[in-house]
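Numbering (UniProt numbering), first residue to last: 1 to 667.
Each residue gets a CB set at the ideal place from its N, CA and C atoms; glycine is no exception.
All figures in this text were calculated on a predicted structure; none of them were measured in a lab.
A short worksheet on the structure shown next.
Rendered as structure tokens:
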């Protein structure tokens, strides 16, 4: 990121290139519009028509190491960054030779070689990602900047405010570029925003901001030069509000009934290409022959791009599920035989895991609400701030989506963040970033980008914290392809799962049950990484298989002890991994015992227990001597009153009673 001049040098060569870049975007999109009407491009198609000056003025100033996060209207951004036109069009055709293998389409263009992190169909969704990319650069000591483009509609999203606050709070080199075209979709800005001066919103976060005529490519370039120079000198974020106008509808799917034709015609008269071409010709810097030559060159390139796209092949159906997760994963860790043991707690085992990971790998850092000075809501990180410092034990604002997205971005750029979300209920505020970015990026980018982030959160009930702090939602996350979901129950797993998760190339969610933090037990002094791919038989038995995880494991083990006194020998399986499920271990057990009961602290309807039961019904039906059964939480928000809370979640006596009902069933 080096800018030596704050003013553009408007010689013939540069003027020609500016005009060519804008015309290239415009002509390409005109061809895209034509292809859409021919149904060669489907889905949504958001055209950049009218906004070309912003991409043409700003993006060519970025250097190779600089990063770029775009919006769903990103064809112009991709072309200006250097993504080959043929690869862009082939992607929009859904072809295997597209820049994302046909997995992303018009709204999700990617190019890892060009540090182009793609469009984002979630309004405002790319902002936290950009903050995380810049955070990685800051922590790694690299000299790059991250440019983040978004529309004015994003300023209403919480992620806009969370991201600007984080960027300024942590002093991150982000160039925020708001392409304000006046209509978020079909509603004018003044009908949705109490304050329509978007640059003023950024100044509210103490970020240097300016308003730019987004229809003037020279003004856009000059502003970008000032911004990038300031970022290079200070390392601080900079905000550009580029006021522009899109000549076409929000998307090709849009009938555009929300604005008068006269308004569009008025703006077209001062469009960026018309305006700049007229000035260049009046100034004698370009002539009609130059414009004709540029037009001919672009037309030839478009013809080649069309031929490239139309000759592309469809991705084979056999590769449908490729790149949901990384094709190559680390081998299971070597597990040493345990040596001398000492007494500790689950809480301290987790803390030891974090300490070990941060000691072994400088890329690892912990971030989350109150993890530093406070020591963590459950005291897991107490003392780590003094040991590792505020750069690696990073307190965040109360902005789950913002800091989770930042952790995702940092992981994409090479760091290994541990993101702590205080409680599982709060994680729903970050669900967009977890599901729409972390879980999808590898697949949508055709394996160009992985997201090796670890997200820890407390889950479960039993502390009289009432409904908004007490649910077990890990089964929801286990529903999402692209995530690995873990539930450590024992001290060994609390100590060992984290390191193994940090070696994983994909996002890993770790759910720690709140009722386990104070649990005491013995742990080997040489305890280390554990295999996170396999379930474990915690107790062997012959009569029934009890399948459970997390906070319910020890209740289930206690139930199995009680059942043994009545002559019922239950085998207890600790799932450990909720996604993917180790069904081989489960089915092997059921084949021995011929009965199964699942204990799940989630709600019964749509539960993880239902999924396991259905897979058993599909694959082991003829091994069963009795109907499948389950013990789940009651279909009620978790109550506050102690007796009601205990009645709402699985308990030893309810597990015992359920097992006895199953055992009464005869083959």
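Following the DSSP letters along the chain, one finds residue 655 in no beta strand (DSSP E) but inside the alpha helix (DSSP H) bounded by residues 652-664.
For residue 159, the closest C-alpha among the options 435, 371, 665, 401 is that of 401.
When the five nearest sequence neighbours on each side are left out, the beta carbons in the same chain lying within less than 8 Å of the beta carbon of residue 667 are those of 594, 625, 626, in order along the chain. Secondary structure at residue 417: strand, using DSSP grouped into helix, strand and coil.
Boundaries of the beta strand (DSSP E) harbouring residue 523: 520-524, taken from the DSSP string.
Taking every protein chain shown into account, the CB of residue 307 has fewer than 16 other CB atoms within 10 angstroms, so this residue is exposed. Under the criterion of beta carbons closer than 8 Å, residue 547 and residue 586 qualify as touching, at roughly 6 Å.
Counted as a single uninterrupted DSSP element, the beta strand (DSSP E) harbouring residue 570 occupies residues 570-574. The closest CA to that of residue 168, considering only 83, 134, 32, 634, is found on 134. Check the Cα spacing between residue 481 and each of 183, 497, 437: the tightest is with 437. Residue environment for residue 601: buried (at least 16 other C-beta atoms within 10 angstroms of its C-beta).
Shown here, residue 596 sits in a strand according to DSSP, grouped into three states. Rounded to whole angstroms, the Cβ separation of residue 132 and residue 405 is 6 Å, and the two are in contact under 8 Å. Counting along the chain, no beta strand (DSSP E) covers residue 15; the unbroken alpha helix (DSSP H) around it starts and ends at 12-37. Following the DSSP letters along the chain, one finds residue 365 in no alpha helix (DSSP H) but inside the beta strand (DSSP E) bounded by residues 364-368.
Buried is the label assigned to residue 425, since at least 16 other Cβ atoms lie within 10 Å of its Cβ. In the displayed model, residue 359 falls within a helix according to three-state DSSP. The region 501-512 makes contact with the region 449-462; the number of CB pairs closer than 8 Å reaches 3 or more.
Around the C-beta of residue 325, 16 or more other C-beta atoms lie within 10 Å, and the residue is accordingly described as buried. One alpha carbon belongs to residue 331, the other to residue 241, and they sit about 48 Å apart. In terms of Cα proximity to residue 261, the closest of 249, 532, 123 is 249. Contact between the region 168-185 and the region 46-55 is present: three or more C-beta pairs spanning the two stretches fall below 8 Å. Ranked by how close their Cα comes to the Cα of residue 516, the residues 26, 346, 101, 55 have 346 in first place.
Taking one beta carbon from each stretch, the region 603-620 and the region 517-525 have fewer than 3 pairs nearer than 8 Å; the two do not touch. Per the C-alpha coordinates, the member of 80, 413, 22, 316 positioned closest to residue 149 is 80. The residues 81, 82, 83, in chain order, have a CB closer than 7 Å to that of residue 114 in the same chain once the five nearest residues on each side in sequence are set aside.
According to DSSP, residue pairing for residue 493 in a beta bridge does not occur. Pairwise C-beta distances place the region 405-415 out of contact with the region 384-392, as fewer than three of them are shorter than 8 Å. Residue 490 sits buried, since 16 or more C-beta atoms from the chains shown fall within 10 Å of its C-beta.
Distance between residue 257 and residue 162, taken at the CA atoms: about 33 Å. Taking C-alpha positions only, residue 545 is separated from residue 571 by approximately 5 Å.
Remark: C-beta atoms of residue 444 and residue 100 approach each other more closely than 8 Å.
Around the Cβ of residue 660, a 10 Å sphere holds fewer than 16 other Cβ atoms; the residue is exposed.
Under DSSP, residue 546 forms a beta bridge with 572, 597. In this structure, the alpha-carbon of residue 175 lies about 23 Å from that of residue 450. Under the three-state reduction of DSSP, residue 553 is assigned to helix.
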